[in-house]
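Engineer:
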Amino acid sequence: MDLAQVEHLSRLARLGLSPEELQTLLGQLTAIVAAVDKLQEADVSSVDPTAQVGGLYDVMRADEVAPSLEAEQALANAPRKEAGLLRVPAIQ
Amino acid sequence: MAELEPVIGLEVHAQLLTKSKMFCGCRAEYLGLPPNSNTCPTCLGLPGALPVINRAAVEMTIRTALALACRIPEFSKFDRKNYFYPDLPKGYQISQFDLPLSLAGQLEFEVDGQRRACGITRVHLEEDAGTLHHAGEIHTSNFSLVDLNRAGVPLMEVVGEPDLRSPREAPQYLRALRQLLIYLGVNDGNMEQGSLRCDANVSLRPRGQREMGVKVEVKNMNSFRSLEAALTYEVGRQTDLIQRGMTIVQETRGWSELEQATVSQRGKEEAQDYRYFPEPDLPPLKVGRELVEQLKAGLPEPPMRLRDRLLDQYEISAEQVLVLTERPQDAAYFEAVVAAGAPPRAAANWQAGPLQALCKAARVEVERCSISAGELADLVRMVEAGEVSGSTARELLAEAFESGASPAALVTERGLAQVSDAAQMDAWVDDALRQLPKAAADFQAGAERALGPLVGAIRKASGNRANPDLAARLLRERLARPGE
Ligand SMILES: [Zn+2]
Numbered sequence: 000m001d002l003a004q005v006e007h008l009s010r011l012a013r014l015g016l017s018p019e020e021l022q023t024l025l026g027q028l029t030a031i032v033a034a035v036d037k038l039q040e041a042d043v044s045s046v047d048p049t050a051q052v053g054g055l056y057d058v059m060r061a062d063e064v065a066p067s068l069e070a071e072q073a074l075a076n077a078p079r080k081e082a083g084l085l086r087v088p089a090i091q
Numbered sequence: 000m001a002e003l004e005p006v007i008g009l010e011v012h013a014q015l016l017t018k019s020k021m022f023c024g025c026r027a028e029y030l031g032l033p034p035n036s037n038t039c040p041t042c043l044g045l046p047g048a049l050p051v052i053n054r055a056a057v058e059m060t061i062r063t064a065l066a067l068a069c070r071i072p073e074f075s076k077f078d079r080k081n082y083f084y085p086d087l088p089k090g091y092q093i094s095q096f097d098l099p100l101s102l103a104g105q106l107e108f109e110v111d112g113q114r115r116a117c118g119i120t121r122v123h124l125e126e127d128a129g130t131l132h133h134a135g136e137i138h139t140s141n142f143s144l145v146d147l148n149r150a151g152v153p154l155m156e157v158v159g160e161p162d163l164r165s166p167r168e169a170p171q172y173l174r175a176l177r178q179l180l181i182y183l184g185v186n187d188g189n190m191e192q193g194s195l196r197c198d199a200n201v202s203l204r205p206r207g208q209r210e211m212g213v214k215v216e217v218k219n220m221n222s223f224r225s226l227e228a229a230l231t232y233e234v235g236r237q238t239d240l241i242q243r244g245m246t247i248v249q250e251t252r253g254w255s256e257l258e259q260a261t262v263s264q265r266g267k268e269e270a271q272d273y274r275y276f277p278e279p280d281l282p283p284l285k286v287g288r289e290l291v292e293q294l295k296a297g298l299p300e301p302p303m304r305l306r307d308r309l310l311d312q313y314e315i316s317a318e319q320v321l322v323l324t325e326r327p328q329d330a331a332y333f334e335a336v337v338a339a340g341a342p343p344r345a346a347a348n349w350q351a352g353p354l355q356a357l358c359k360a361a362r363v364e365v366e367r368c369s370i371s372a373g374e375l376a377d378l379v380r381m382v383e384a385g386e387v388s389g390s391t392a393r394e395l396l397a398e399a400f401e402s403g404a405s406p407a408a409l410v411t412e413r414g415l416a417q418v419s420d421a422a423q424m425d426a427w428v429d430d431a432l433r434q435l436p437k438a439a440a441d442f443q444a445g446a447e448r449a450l451g452p453l454v455g456a457i458r459k460a461s462g463n464r465a466n467p468d469l470a471a472r473l474l475r476e477r478l479a480r481p482g483e
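Taken in sequence, the protein lines are chains A and B. So that you can map any letter, position 74 of the first sequence is 73 in numbering that gives the first Met the number 0, and since no number is skipped, the others follow by simple counting. So that you can map any letter, position 190 of the second sequence is 189 in numbering that gives the first Met the number 0, and since no number is skipped, the others follow by simple counting.
Okay, here's the thing in structure tokens:
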């Protein structure tokens, strides 16, 4: 890990971090990635790629409409709203 | 410098015509609903809510993939595509990354009467985002308004190979794909309302070179016309840059209808790192071979093959076939009219002409209009047999279209059947010759066009019921010129 990568990640996560916080995270993330890197040492040549270990497959539902929330319920916890819509800062 | 060759690939997003959303029971039809009235904990991304896959969406995607001759792997899964945008409530879109529902197919389309094929990389399934409304100018307003009615609507993505070689091919590819989706009944093909959307990847390379140039993604094209205009502009822009020795920047550009130009969106959407990972809330899919076979068996005749067959089977023109295969229901109606005894060419003329005009004006599909295929066949047969005049038939068709009556029954009811009775025809011919002696003399003197007014007089006297061909023949006999 280097500082540029941590800055890139913080941008993707939309986190505004101070230079000190970035430095702290650089140290922590480097240690975490190093720990995860240990996994690379395991021999997985005989193991199928696995996305889930729950053992479930094909869990699907019929295409049927179920009641939705009322608009007031859906917006109940929204900090800002306007004319039934969620009001958010514009993307710059 | 070697001639530059455009390399174009299209990514098409199609909302599926399911009843409910991709992972919850909210309605998939969201247009016209009050804002934020079509949501639930799942599509709002509330903590603890779990998605469940809509079986119909999976089947529609597999049907589309099969119609595009794709391979359906036995194992497929969903992944999270992570990015932040206000129309994406969960902070990620459920999509498919490395194990999509289908791979490696192709789409046939036509350009200037020539058949071309374009590779299909994959067809996969994901969910749509909500919609953003901007107060005032998008660039100056400091807030946006979010409606999540559309969030979670099933979205199928058809990724095309970069096999297109000119901006002109792109709308033709898209037309063929759109028609196929309509045939399959999986999408309504409405580009204006955004239920069918198209992005393009565009690059240039010297003709003959294998490796690709720097790729630019072009977005925001919501019609066939704007797709071709945007690609023409973008190819021109890149050509100009290369010829001036400058480099192409890999970026996303949006088509601006106002400026008729592609505009860089770099500032707004920087190159993204989506950090895909397997969706932990959705167990993977094992797509059974029986299901694939069953879906394959239920596929409709694809438009291209249907056109070939109609052209082969009936004596109708290529233009007529094109009109009659706009939708599968049009072709089915036509074949029903022919099966009910109407001659194909006349049936095609009547369906694509007067009947389609009536349907368009009334905004109704031909298979739902009040004229059944059997009724149109009866009318067409009567016209062809000379039992009723074309103009009378047209009027009756319009009237029956409104009232729901049978046009052929109206002919009998109103006594509008064309008269071919010899004695009656002779009487009308006598009258016409008496009324227009000058026209009669002119015709006998060799003026062919003098026959017109005489036939007209008979038509008038008969209240439009006299068989005009028979009238003309009788007049010719009566006015037989010497030596004929
Ligand atoms: Zn929902």
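Here a beta-carbon is modelled for each residue, glycine too, at the ideal position from N, C-alpha and C. Since the structure is predicted, the reported quantities are computational estimates derived from the model, not experimental observations.
#1: Once DSSP output is grouped into helix, strand and coil, what is the label at E71 of chain A?
#2: Is there a C-beta anywhere in chain A that falls below 8 Å from the one on C39 of chain B?
#3: Measure from the C-beta of I52 of chain B to each C-beta in chain A and report whether the shortest distance is under 8 Å.
#4: Verify the CB distance criterion: does D1 of chain A have a CB-CB separation below 8 Å to chain B?
#5: Just the chain B side, please: which residues come within less than 8 Å of G26 of chain A by C-beta, in chain order?
#6: Going along chain B in order, which residues have a C-beta closer than 7 Å to the C-beta of E81 of chain A?
#7: Check G53 of chain A in the structure and name its three-state DSSP category.
#8: Per DSSP, which residues does M59 of chain A bridge with? Please list them.
#9: Please compile the residues from chain B whose C-beta is within a distance smaller than 9 Å of the C-beta of L105 of chain A.
#10: Quick one: give me the first and last residue of the beta strand (DSSP E) that M155 of chain B is part of.
#11: Name the chain B residues whose beta carbon is nearer than 7 Å to that of D42 of chain A?
#12: Just to confirm, does G484 of chain B get its C-beta within under 7 Å of one of the non-hydrogen atoms of ligand 1?
#13: In terms of alpha-carbon separation, which member of B:L16, B:L32, B:T130 lies closest to A55 of chain B?
#14: Along the chain, where does the beta strand (DSSP E) that runs through C117 of chain B open and close?
#15: Would you mind sorting K295 of chain B into buried or exposed? The rule is 16 or more other CB atoms within 10 Å of its CB.
#16: Measuring only between beta-carbons, confirm whether P18 of chain A sits less than 8 Å from chain B.
#17: Quick one: list the residues of chain A neighbouring K218 of chain B, beta-carbon separation under 9 Å, in chain order.
#18: Looking at C-alpha atoms only, which residue of B:V217, B:S94, B:L357, B:D441 is the closest neighbour of T231 of chain B?
#19: Between which residues of its own chain and G188 of chain B is the CB-CB distance below 7 Å, once the five residues before and five after are set aside?
#20: D36 of chain A versus chain B: which residues are under 8 Å apart at the beta carbon?
#21: Taking only beta carbons into account, state which residues of the stretch 41-70 of chain B come closer than 8 Å to chain A, listed in chain order.
#22: So that I know if they touch, is there some Cβ in chain B lying closer than 8 Å to that of V58 of chain A?
#23: Would you say R26 of chain B reaches chain A, if we count a Cβ-Cβ gap shorter than 8 Å as a contact?
#24: Going by the CB atoms, is the gap between G184 of chain B and E63 of chain A shorter than 8 Å?
#25: Since F142 of chain B sits in a beta bridge, which residues does DSSP pair it with?
#26: Is T38 of chain B a contact residue of ligand 1, with contact defined as CB to any heavy atom under 7 Å?
#27: For chain B, check one thing: does any of its Cβ atoms lie closer than 8 Å to the Cβ of E63 of chain A?
#28: Chain A partners of S19 of chain B, CB-CB under 8 Å?
#29: Give the residues of chain B in contact with Q39 of chain A, contact being defined as C-beta atoms less than 7 Å apart.
#30: Residues of chain A with CB under 7 Å from F500 of chain B, in chain order?
#31: Would you give the residue range spanned by the alpha helix (DSSP H) that A103 of chain B belongs to?
#32: Ordered along the chain, which non-local residues of its own chain (more than five positions away) have a Cβ less than 8 Å from that of R477 of chain B?
#33: Does the distance from the C-beta atom of N219 of chain B to that of G193 of chain B stay below 8 Å?
#34: Looking at V158 of chain B: is its Cβ nearer than 8 Å to the Cβ of A64 of chain B?
#35: Need the endpoints of the beta strand (DSSP E) that M220 of chain B sits in, please.
#36: Give the C-beta separation of A392 of chain B and V382 of chain B to the nearest angstrom, bearing in mind that I take them to be a contact with Cβ-Cβ under 8 Å.
Structural biologist: From the atom records:
#1: helix
#2: yes
#3: So yes, I52 of chain B belongs to the interface.
#4: no
#5: Against G26 of chain A, chain B offers no close residue; the least beta-carbon distance is about 21 Å (beta-carbon pairs closer than 8 Å).
#6: L144
#7: coil
#8: B:I52
#9: Residue 105 of chain A cannot be examined here, being either before or after the span of chain A that is shown, 0 to 91.
#10: 153-159
#11: The premise fails here: D42 of chain A is roughly 22 Å from chain B at the closest Cβ pair, so nothing lies under 7 Å.
#12: Nothing about residue 484 of chain B can be reported from this structure: the residues present for chain B run from 0 to 483 only.
#13: B:L16
#14: Segment 113-126, the beta strand (DSSP E) holding C117 of chain B.
#15: exposed
#16: no
#17: Going along chain A, no residue has its Cβ under 9 Å from K218 of chain B, so there is no contact; the nearest lies around 15 Å.
#18: B:V217
#19: R177, L180, I181, L195
#20: Neighbours of D36 of chain A on chain B: none; closest Cβ ~17 Å, over 8 Å.
#21: L43, V51, I52, N53, R54, A55, A56, V57
#22: yes
#23: yes
#24: no
#25: A:P88
#26: yes
#27: For E63 of chain A, a Cβ of chain B is located within less than 8 Å of the residue's own Cβ.
#28: D62, E63, V64, A65
#29: Ordered by position in chain B, no residue passes the 7 Å Cβ test against Q39 of chain A, which lies about 17 Å from the chain.
#30: Within the shown structure, residues of chain B are numbered from 0 to 483, placing residue 500 of chain B beyond reach of any answer.
#31: Per DSSP, A103 of chain B belongs to no alpha helix (DSSP H); it is in the beta strand (DSSP E), 101-110.
#32: V428, L432
#33: no
#34: no
#35: 215-220
#36: 5 Å
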